[in-house]
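Just so you know, our numbering puts 684 at position 684 of the sequence shown, and the rest follows in order with no gaps.
Accompanying notes for the structure given below.
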Amino acid sequence: MKYIPFKQGRYLCTVLLLLLAGKLWAQEQSDLNPTVFNVAPPAPNAASLGKFGDVPVNLFNGLPSISIPLGKISVGNEFNTELSLSYHAGGNRVNDIASNVGLGWALNAGGVISRTVRGLPDETGVGYVNGSGGRRIIITASGDMEGADNYQTFNFSATNQLDTQPDEFNYNVGGISGKFVVDTNQQIVLLPYRDIKITWMPLIDGNMYFTMVTPDGTQYIFGSTDWTISVSSCGGSDEIYPSSWYLTQIILPKSKRTIDFTYELDKGLPAPSVTQTETSSPSVLVSGVSIQGCPGATPTLSTCYNNRVCQQQTLKTITFPGGKVTFNYNTVRTDVTNSSSDPFYALSDITYSSGFNNVYTDLNKYLFTYTTPVRLMLTKVSQADVNNNVIGSYTLSYNSTHLPAINSFSQDHWGYYNGAKNYSLLPSDSVTSGGDREPNFTYTKADILESITYPTGGSTTFTYESNTYSHYSNSIEVNDAVYQILTASKSVTTGVNGNTTYPDYKIDSIIVNIPYFQYIKAIVTRTSSLGNINSLILRNMQTGATSNIGSGTQYIPVDSGEYHIVMMTEHSEPTVSYEKVAVDLTYKAITGTTAIATGGGLRLKAMTTYDGINHANDIIKSYTYNLSGNTSMSSGYLTNKPVYKYKMTVWKPAPGANTNNGAYEELACDMTYRTSAANNEIETSGGGVVYKEVLETDNQNGSIRYVYALGDNSSGLNSYPFGPSTNVYPEKGMLKAQYTYDNTGKLLTKQENVYTTFLKGKVQAWKAAYREKWTYYVGYPWEHFSSNYYSYRSDGALLSKSTTTEYAGTDSLVSVVDTYYDNMDHIQPTRVHTTNSKGDDVWTYTKYPTDYTIPAGTLSAGLAAIKTMQDSSIHNLVIEQYMQQIKSGVTTILGGKFIKYKTVPAMAGIQVQIDTAFTLKRATAQASFTPAYISNGNIIKDVNYDAKISFSRYDSVGNIIEQNKVNDVTEAYIWGYNNCYPVAKITGTTYASAIAQLSTSVIRNPSGDDVLRTELKKLRTGLTNVLVSSYTFKPLIGVTSETDPAGRTSYYEYDLFGRLIVIKDQNGKILKQMNYQFAQPITQ
């Protein structure tokens, strides 16, 4: 039984439309002064024409982070995120199937947990999470099993009847991504560790779903499932298993409001693959007779076609309080089909709508345009109104070389197109023939994105080059052969040609040394008279074998070794004529060695940003990937080296042996296997190149050198039986140092980072395979196994020290920041120590909910709220923060804040909200200050804290409806449009007094702006000695009117694209009018 892992495209979760951004206090640690909620809507501004050219680069892997925004969604001040498209610029593999938004692109509009099956699906009866893990993980057992206690476990692992390997799950949601495995107790082990909680939720039918809780208490439910069907042409039963779980609901932490996602299961998209295995054995003879069943020295090739079909979930709608996003798929795809000829569709448009109670009004759209040379290619993304009138577009251009068909053998070791005319996926070596699996940059960049033109008219152009490396893993240096295409020409002539007389007999040869199997090209021309002789022979100098070479253009297969191309002519006729043989050869040969090898895929070489007006303003950033001070060495490290070959001994009956009963003689058949399947692990285990150092040069602003941490991976991938590679170096990819230089190369700043690593736990796994098999006696097998042990480590690296040095002439300024993490339950900074150039020490201390131990028994309201946070996995809310300075030996508490929380009713259950914010009255001596502590079921704060702000009341969805600064007037807020927008702010009264003046049905679902404004006038006439500001909205667009406390109303109008176009005063006079024009080059 064989399971083929389904590679799911990357999905980053997001949903959006930013309207109200409320803040309690600034998040910088130095800001210890809380402020009241800013509930009033922001003043409408002219719409941005869009940023362009701001493309970040992940220099650790040399790739630009390319994305296209697709709008926003927010739910009050509790949740906001973005929809977008993201592009992977590392190159397109031969077997890549375009997503429904085009090759290389991913739609970030939800979230997904996808998995790679290792062995068997974990949830099956003999899967990894069922049964005793101790019985399956044989760490101390030998691989030489001869009917011992562990024999059956090894045998079942080798034959895939027992799952000894946990599946690997990848999650991507809400801007958080990572990997996890599930242990034998169905507990999630995060890789690397993060402060999130993921739970495996088994279902009665044997399937499962997942839940995730982030540090702010937001819950994500993954319940919609992809299904993979796998069938191999080499036998085994059909297998069906879930391969991905899609985000179906987000539950917000305070209001308990939900964001819901719906999907549609497609008809099943084929994702075929092919593997090849070559088997050979030295010719073993007994009295001239071969051993029974031994394959012999001539390799035997077998090819397996894996017909994998995945029924994928297609996102249809996102529904959130106040609006909906709809995804329409109407563009018929011509690049994919299935056995039933079902049509498949690409995403044609995304529509944003506003509304409540399932009644929605469409607002605007994003339109998608494609072409299909071979794969589906996204060429344009346009923003439009509901009538498809386009406001502006992102235009995309790609490399003109196209990928070959799926399953083409023209691919390098890492699966990228290399243009080679291969007839095998197995590379040639010094013994056997095979295909050319070396990278070829001309073809690696097939169909890669090369430029984006923005709606503004500006553009970004990307220039790529091949990945290179000078080290395998972390220490082994590259010393690879340099291959070069060489040519050789020679001819021999006999007889008489015009006035030239040649000898009657001539023989000559071309000598070539072939480093590996290849097809050499020979262009042969012959001239011969009747009765005379010419010949052209290829002679293998190792074997002595010869073969004739014909005329014309010939492609001749040759294994490695020395060859002589022998040409001969003989003139024996007494006539004026001549004979000639001419050969032009083209072949690859070794011309030396290099310390820089070429890896698979692409890296960014340069990026040019054009403003759309004048190329003199172009910003050009270029990237150099060398170790500092050594241009002969690439800074690249190949994490996993390609490997194909392994060996096994199978004992076979001797010639004439009677295998029907009793003992019989067996002889060793030493078998060598070469398989492309082993190398396929590189793709699923991340076998690319990463860079220790990168120099970024800006044509306008000097350069920056980045230095990254790097360490060895476990070596499970490169040895039989080819287990997965797992990271055992938690600092890998962290920025260790950054050096900034001016245009002259002068060092301006230096930043050096130190990290603290930690280990939260690990899961051990292993994989067994036969190394030696024989029977010796009927019914009594005797077998040896090879096993590969590896572990998944739930660890991480936290920045513990950052030293920044600024240079000015001969002077320098040094500042040091030390960060401590005293509670590994939330892994957030609890102490931050800053030292400036004068030697002053400043400490900032922060306490979070899980920093307190809650006693049993009756709790105060404030302590009960903290316990609710702990129970709800809310870890990132600050309880107390204070700043301490040590200067001239004197320690002073400079300031501090303490936040008291409370629980209040929510739409479902209870919510935790701020009750009162306190600040220290004044700076005080350390001896006079006591950090908050727990005593007798209460949390006790220092007596020097004064109440600053009281947040008296919230509604059921977490909106503030009454607050006041201590000893100041009360502010009340009325929320309308189904509690999504603030429609009134009243200063000088309570919420109860204000809401008593209004009809809540009108406020919650107004039929129009005039109706709402009329209703809100009741606040001005029904209340005395108050200040009233009121607002009306066009949901998901912006404020449409604003009435100040004096009763003056301003009006805001928008075009069909949702852009502000007119501002009028209360008399209808136009105060401001906007006209949107995109910049054009000065020649237009």
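Beta carbons are placed, not taken as given, at the ideal position from N, Cα and C, and that holds for glycine.
Item                                                                                                                         : Value
Chain-order list of residues whose beta-carbon lies under 7 Å from that of Pro849 (same chain, five-residue window excluded) : Ile866, Met869, Gln870, Ile874, His875, Leu877, Ile879
Residue of Ile949, Ala932, Ser950, Lys948 minimising C-alpha distance to Asp942                                              : Ala932
Complete runs of the beta strand (DSSP E) confined to the stretch 588-668 [at least 3 residues]                              : 597-610, 619-624, 630-634, 636-638, 645-653
The stretch 758-770 / the stretch 791-803 touching (three or more Cβ pairs under 8 Å)                                        : yes
Residue from Ala917, Tyr516, Val957, Trp975 whose Cα sits closest to the Cα of Val966                                        : Ala917
Buried/exposed call for Gly147, threshold 16 Cβ in 10 Å                                                                      : Reliability fails at Gly147, whose pLDDT of 45 lies under 50, so the model's placement of it is uncertain and the value that follows must be treated cautiously. Exposed.
Backbone secondary structure at Tyr443 - three-state DSSP                                                                    : helix
Ile318 beta carbon less than 8 Å from that of Asn95                                                                          : no
Buried versus exposed, by CB contacts within 10 Å (16 or more), Asp611                                                       : buried
Residue of Ala994, Met883, Ser535, Gln311 minimising C-alpha distance to Tyr505                                              : Ser535
Inter-residue Cα distance where the pair is Gly102 and Glu1042                                                               : 44 Å
Complete runs of the beta strand (DSSP E) confined to the stretch 48-96 [at least 3 residues]                                : 66-75, 79-87
Rounded C-alpha distance that separates Leu403 from Thr277                                                                   : 25 Å
Beta-carbon spacing of Gly636, Tyr644 below 8 Å                                                                              : no
Unbroken stretches of the beta strand (DSSP E), 3 residues or longer, contained in the stretch 159-236                       : 168-173, 176-182, 188-191, 197-202, 208-213, 219-232
In chain order, each beta strand (DSSP E) run of at least 3 residues that lies wholly inside the stretch 691-736             : 693-698, 702-708
Close-in-space but distant-in-sequence residues of the same chain around Thr672 (CB under 6 Å, 5 per side omitted)           : Ser280, Lys647
Counted within 10 angstroms of its Cβ, other Cβ atoms place Ser224 as buried (16 or more) or exposed                         : buried
The stretch 211-223 in contact with the stretch 246-264 per 3-pair CB rule at 8 Å                                            : yes
For Lys746, three-class secondary structure by DSSP                                                                          : coil
Length-filtered (3 minimum) beta strand (DSSP E) runs lying within the stretch 356-398                                       : 359-371, 377-385, 390-398
Local Cβ density within 10 Å of Leu203, reported as buried at 16 or more and exposed below that                              : exposed
Rounded Cβ spacing between Val969 and Gly976 (contact assumed at less than 8 Å)                                              : Rounded, the Cβ-Cβ distance is 23 Å, inconsistent with contact.
Residue nearest to Tyr516 in terms of C-alpha spacing, selected from Ile549, Glu438, Asp447                                  : Glu438
Val482, buried or exposed, once every other Cβ within 10 Å from all chains shown has been counted against 16                 : exposed
For Ala908, the three-state DSSP class (helix, strand or coil)                                                               : coil
Nearest-angstrom Cα separation, counted from Gly862 out to Gly22                                                             : Here Gly22 scores only 29 on pLDDT, less than 50, and its place in the model should not be relied on; the value that follows carries that caveat. Cα-Cα distance, rounded: 23 Å.
Endpoints, alpha helix (DSSP H) assigned at Met869                                                                           : 861-871
Status (buried if at least 16 other CB within 10 Å, exposed otherwise) for Ser354                                            : buried
Rounded straight-line distance, which links the Cα of Lys365 to that of Ser410                                               : 40 Å
Cβ contact check for the stretch 371-390 and the stretch 329-336: 3 or more pairs under 8 Å                                  : yes
Paired residues, beta bridge with Glu438 - DSSP                                                                              : Glu438 pairs with nothing; no bridge assigned.
Same chain, Cβ closer than 7 Å to Ser393, neighbours up to 5 away in sequence not counted                                    : Lys380, Val381, Ser382, Pro455
Beta strand (DSSP E) segment containing Ile523, residue limits                                                               : 518-527
Gly175 to Asn513 span [Cα, whole Å]                                                                                          : 55 Å
Thr830, enclosing beta strand (DSSP E) - first and last residue                                                              : Run containing Thr830: none; DSSP gives neither H nor E here.
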